[in-house]
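> Remember, my numbering sits 43 above the position in the sequence shown when you count from 1. Ideal placement from N, C-alpha and C gives every residue a C-beta, glycine not left out. Source: prediction; values computed, not measured. For reference, the structure I am asking about is given below.
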Amino acid sequence: MANDTVQVRVTPELKEQAESVFKAIGLKTSEAIRLFLQQAVNSGGLPFQPMAKQPNTATLEAMKELEKGGGERIKNADDLFKSWDKK
Numbered sequence: 044m045a046n047d048t049v050q051v052r053v054t055p056e057l058k059e060q061a062e063s064v065f066k067a068i069g070l071k072t073s074e075a076i077r078l079f080l081q082q083a084v085n086s087g088g089l090p091f092q093p094m095a096k097q098p099n100t101a102t103l104e105a106m107k108e109l110e111k112g113g114g115e116r117i118k119n120a121d122d123l124f125k126s127w128d129k130k
């Protein structure tokens, strides 16, 4: 049985991060892509529900605090690091 080639363009960072995940579960990138394609066929659609990245609970609470006028506002990274030294 002949094989076709599938090509996709991704950022180097995304490729590296994905390869790290796949390696941790014992897969090569090509194997993970084949699994994805097979699961798409098996389920008749995407084998997962796409979602937008959501802030975690701590970030949401910090955002709400800022919206209410609370929290500490810091001008730049240097001031941020200095504030950590004080704590």
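Just how far apart, CA to CA, sit A101 and A75?
Position 58 of the sequence shown holds residue 101. Position 32 of the sequence shown holds residue 75. So the alpha carbons of these two residues sit roughly 33 Å apart.
> Quick check on I76: does DSSP put it in helix, strand or coil?
One-based indexing of the sequence shown puts residue 76 at position 33. Residue state, collapsed to three classes: helix.
> Which two residues bound the contiguous alpha helix (DSSP H) that contains K129?
In the sequence shown, the residue the question calls residue 129 occupies position 86. It spans 120-129 - the alpha helix (DSSP H) in which K129 sits, taken as one unbroken run.
> What would DSSP say about T48, mapped onto helix, strand or coil?
Walking along the sequence shown from the start, residue 48 turns up at place 5. Coil at T48, not helix or strand.
> Give every residue of the same chain whose Cβ lies closer than 8 Å to the Cβ of S126, excluding the five residues on either side of it in the sequence, and list them in chain order.
Looking up residue 126 in the sequence shown gives position 83. Within the same chain, S126 has close Cβ partners E115, I117.
> Considering only residues of the same chain and omitting the five flanking positions on each side of T72, which have a CB-CB separation below 6 Å?
For this step, residue 72 is matched to residue 29 along the sequence shown. Excluding sequence neighbours, T72 sits near E62, F65.
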